[in-house]
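Visitor:
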Amino acid sequence: MAAEHRELPKAYDPKGVEGRIYEAWEGSGLFNPDNLPGERTEPFTIMMPPPNATGTLHIGHAMFLTLEDLMTRFHRMRGRAALWLPGTDHAAIATNTKVEKLLAKDGKTKYDLGRDGFIERVKEYIEGSRDTIRKQIRKMGSSCDWSREAFTFDEQRNRVVREMFVRMFNDGLIYRGYRIVNWCPRCESTLADDEVEYKEESTTLVYLKYGPFTVATTRPETKLGDTAVAVHPDDVRYKDMIGQTFEVDFGIGLQQIRVIADEGVDMEFGTGVVGITPAHSAVDFAMAERNQLPMKKVIGEDGKMTALAGKYAGLPVNEARAKLVKELKSKGLIEKEEEMSHKLSMCYRCNTAIEPLTSRQWFVDVNRPVESRRGKTLKEMSLEAVRGGGIRILPERFEKVYFNWMENLHDWCVSRQIWFGHRIPVWYCKSCYVEKGAPERVGDTSGYERAGQSGLITAVDAPETCPDCGGEIEQDVDTLDTWFSSGTWTFSTLGWPDDPKGDLKKFHPTQCLETGYDILFFWIARMILMTTYALDEVPFETVYLHGLVRDEEGRKMSKSLENIIDPLDVAEKYGTDAVRLSLTIGNSPGNDLRMSEDKIAYYRNFANKLWNISRFILLNVEGRPDGTKVPEPKTLADRWILGRLSAVITSVTADIEAYNFSRPGETLRDFTWNELADWYLEIAKVEGDKSEMLSYLLLNVLKLWHPFMPFVTEEIYQLAFSGDERDFLMVAEWPRPSESNLDGETNNGMILLQEAVVAARNIRSELGIEAGRKLDELFVRDDEVARRLTEQFKNIASLARFSQVSLSDSSSWMTAISGARTTTTSGGIQLAITIAGDNIDQSAIKEKKEKELEDARKYADTQHRKLDNADFVARAPAAVIETERRKLAEVEDRITKLEDQLKSLR
RNA sequence: GGACGAUUAGCUCAGUUGGUUAGAGCGUCUCGCUUACACCGAGAAGGUCGAAGGUUCGAGCCCUUCAUCGUCCACCA
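The first sequence runs 1 to 906 under the UniProt record's numbering.
1. Does DSSP put residue 763 in a helix, a strand or coil?
2. Any idea if residue 603 is buried or exposed, counting beta-carbon neighbours within 10 angstroms, 16 or more meaning buried?
3. Could you check the C-alpha separation between residue 560 and residue 338 for me, to the nearest Å?
4. Please classify residue 15: does DSSP put it in a helix, a strand, or coil?
5. Taking buried to mean at least 16 other C-beta atoms within 10 Å of its own C-beta, is residue 873 buried or exposed?
6. If you check the beta carbons only, do residue 481 and residue 374 fall under 8 Å apart?
7. Grab me the residues of residue 242's own chain with a C-beta within less than 6 Å of its C-beta, minus the 5 sequence neighbours each way, in chain order.
8. Cα-Cα, which of 452, 183, 263 is closest to residue 348?
9. Can the beta-carbon of residue 37 be found closer than 8 Å to that of residue 731?
10. Where does residue 280 land, buried or exposed, given buried means 16+ other C-beta within 10 angstroms?
11. Label residue 139 either buried or exposed according to how many other C-beta atoms from any shown protein chain fall within 10 Å of its C-beta, with 16 as the threshold for buried.
12. Could you compute how far the alpha carbon of residue 370 sits from the alpha carbon of residue 394?
13. Would you grab the beta carbon distance between residue 346 and residue 197 for me? Rounded to a whole angstrom, and I think it's under 8 Å.
14. Using CA coordinates, which residue listed in 859, 424, 328, 553 is at the minimum distance from residue 594?
15. Is DSSP giving residue 476 helix, strand or coil here?
16. Look at the alpha carbon of residue 54 and the alpha carbon of residue 458, and state the distance between them as a whole number of angstroms.
17. For the candidate residues 80, 529, 311, 293, whose alpha-carbon lies nearest to that of residue 483?
18. Do the CB positions of residue 168 and residue 364 come within less than 8 Å of each other?
19. Within 10 angstroms of the Cβ of residue 233, are there 16 or more other Cβ atoms? Answer buried if so, exposed if not.
20. Could you tell me whether the Cβ atoms of residue 510 and residue 64 are closer together than 8 Å?
21. Just curious, the beta strand (DSSP E) that residue 45 is in, first and last residue?
22. In this structure, how does DSSP classify residue 563 when only helix, strand and coil are distinguished?
23. Evaluate residue 14 with the Cβ neighbour count: other Cβ atoms within 10 Å of its Cβ, from every protein chain shown; 16 or more gives buried, anything less gives exposed.
24. Measure the alpha-carbon distance for residue 276 versus residue 238 and round it to whole angstroms.
25. In terms of residues, what are the limits of the alpha helix (DSSP H) holding residue 364?
26. Classify residue 427 as helix, strand or coil using the three-state DSSP reduction.
27. Can you tell me which of the three DSSP states residue 318 falls into?
28. Along the alpha helix (DSSP H) that carries residue 128, what are the first and last residues, could you check?
29. State buried or exposed for residue 111, treating a residue as buried only when at least 16 other CB atoms are found within 10 Å of its CB.
30. What does DSSP give as the partner residue(s) for residue 174 in the beta ladder?
31. Using a Cβ-Cβ cut-off of 6 Å (strictly less than) and excluding sequence neighbours within five positions of residue 352, which residues of its own chain qualify?
32. Would you mind sorting residue 244 into buried or exposed? The rule is 16 or more other CB atoms within 10 Å of its CB.
33. Determine the burial state of residue 355: buried for a count of at least 16 other Cβ atoms within 10 Å of its Cβ, exposed for fewer.
34. Under the three-state reduction of DSSP, which class applies to residue 952: helix, strand or coil?
35. Taking the continuous alpha helix (DSSP H) assigned at residue 93, which residues delimit it?
36. What separation, rounded to the nearest whole angstrom, lies between the Cα atoms of residue 268 and residue 216?
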């Protein structure tokens, strides 16, 4: 790919470049850490959060691909075994729902196809659609290792899921029990607590005559399942009633109601009396548990009233409610009705109202001690992983959110009734298994099924017959929560439990998990829980949480608002590098990012700027650029730019290491545009003889930019530097700062010269002096010019007093660039400085410096006193004393400088 | 009801242990097609850092209170 002639086209055209470059990268095999050159002992691993296999790329995906690719490319160039493992997610409920909708278009349901037929249909659908997302991931320039690509529903992941289930079951962490769950009548399945979303809605609060009480409710039909009423223990109105039992009749026969006291009751709300429906409210279920109440399930999984609802049996809940209210009204049992706003629980996938109900389901017990893990519970292990510093969450404030959630975690319902998903690896013997009945009272766990029960078989591989009696067996019909399999993502992708390739040993724990804060609970918490249990180590060392991408007005992007920015469209229009930069710069962990096409266009312009900088450099380098040698600086400008580059390398490297991506992008942009292009290249035009300098600068700038803008940098590298087909910028060595850092003298000198040039341009602009006129000539003849010069040069004059730099070195380029064509000479500037320096009012500067000196002395005194205080020195930690000493040294340094400056002002 | 975040130029935001004159990009206004780049260059205007107190030699940054906006969590039936 080495170039024959180096002249670049005038503008950068991403269209002709990106596909070709990506193919070359992928073909090189260098995305796979096993193929990277050199000895790579230290890994850097990121597991890609798997997008839905049936989805398409949206701007949120584009953002995480950009950030993860940035990290991967950076660490690859830093010499680490960089592994970024891609994959897709089967997203059980979401995919199931999608295919059901497709079927509905043809007027069919999943029952028409049957279970096996339906699963086949889902698999076909995924196969047909999965290549889309793969292509789109490539389009973003993602340097992930496709040879290790994983899918959450493939054979290996299925094996891991079965293995995990069996281990957890045998450790007593998984049980089957009859408890309250969130039920989606449309999905016909349970949902985890955090899969429920809440929507504000207005409903009617009905006040019912309820035996001796009046009870307010928004769900009258559930009152048919009441077994108690609760009052606050301190409520004087009802104190005497506590513990009594009475009967009510809502038209389906007498119901026995006990009066219980519970702190959870709000005396102010409604009548202060709550009807308790243990089978249909999580809150009531908890109260019932504390009071060992009986439960009565009046709503079934089909969303209709059960036989226990008497004459209402078979009616959908809404109809039952209307009918019941009507009848109670006619009996005069309704006291009043009022409108109120209420938070309705909804299925997060299909927006159907959730029906809480009791059901026989599989649960993960988060509070049971695990023997093989030092007697810790899942909850304790998950908390310690973060508390003990094994996992760091960025931004840090989310650690608190995580703790709060984890501390309040309830047992996790993992069984789902949807068809598509990992089948629960449990079999029941048709002859010797006896299903335990529903417990009569809430809180009674004797009806729960755990390991050891006869005829209940849990196995990684399907058994043929019942080991207890040799009888015929059948598998549990339920599937597992999709997060049960996603929770194993960091290790199921690396070969757990056998580790045939040694990947697990080499790459786990992973270094970073980068994802959105919106799935902290769904996914991150589950991964921590599953991994600490399975491997007894953390899944990742750092969690980087990015924010949401919003539109330029700060609104969420949505189809209905028509404000969606399609990353593929804009990548096509402006180039992938531009899209990536717009998603990197201005982005910080945990904060939402505003995105607009203008912003992307700006970075497109920048990519072109970089292209033209390269074009200019290549036109001005004699022979073939090398760029690997550190050049010997010949002039002030050379020393300055090398020092600046070195400083940029240091800060950019430190920032990326610290998971800071916006700032290094800005640092690089400022350096490239404002220092390299606007100053150094202009100077180079005049000073000439810069082949080595320019080659070195270009190569380093390309390397530094590569993780941010991989395509344009690689393209330039290929055209200018690449030695052979396997020589990619992608695997070039990351720049190291040179020995000679920018010294103060060079820096001050350059600032002085820059200010002088700016001042000269300024005067020209203000006075409208035409090109070609020399300021120094005008200076002696024209009072106005003299006055302006004096004014403009005040700063420069005071700066010049503290600088040793001679202007004569740099006179040629100053003359050339201080305005359009030729405007002035360094002699003129020198003259102006001299005159202005003598004319400016030094007393004001002096006064200010004196005040500063006074302050500094006071501060130094305070520091001295602090450090002389024996008590402080004895009690403060060493680090604090060190800091205080450093501060003292700094202020003393400042005092010396100020004293020097004041001397020269006299 | 709890917790957290934000508030800095017209707009979008930097500002990491408190330290010289608070920065950038966009937008606005002048000027300029100078052979790398008009997807460009030169220059300018624009800020009592949400409010009020406090700590300090010194506060955009630390403390207290308040205001507005936003997010998450929670058992008002």
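Built from N, CA and C at the ideal position, the CB exists for glycine as well. Remember, it's a predicted structure, so these values are computed and weren't measured experimentally.
Guide: The structure says:
1. helix
2. Buried.
3. Their Cα atoms are separated by approximately 33 Å.
4. Here residue 15 sits in helix by DSSP.
5. exposed
6. no
7. Hits under 6 Å: 259, 261.
8. 183
9. yes
10. The residue is buried, with at least 16 neighbouring Cβ atoms inside 10 Å.
11. buried
12. 29 Å
13. 5 Å
14. Minimum Cα distance to residue 594 is reached at 553.
15. In the structure shown, residue 476 sits in coil (DSSP, three-state: anything other than H, G, I, E or B).
16. 31 Å
17. Checking every option, the nearest Cα to that of residue 483 belongs to 529.
18. Going by C-beta atoms, residue 168 is nearer than 8 Å to residue 364.
19. exposed
20. no
21. 43 to 47
22. coil
23. buried
24. 16 Å
25. Looking at the DSSP string, residue 364 is not in any alpha helix (DSSP H); the run it does join, the beta strand (DSSP E), is 355 to 364.
26. In the structure shown, residue 427 sits in a strand (DSSP, three-state: E or B).
27. Helix at residue 318.
28. 110 to 139
29. exposed
30. 364
31. 184, 186
32. exposed
33. So residue 355 counts as buried.
34. The requested residue 952 does not occur in the structure, where the chain is confined to residues 1 to 906.
35. Here the alpha helix (DSSP H) through residue 93 covers 92 to 105.
36. 12 Å
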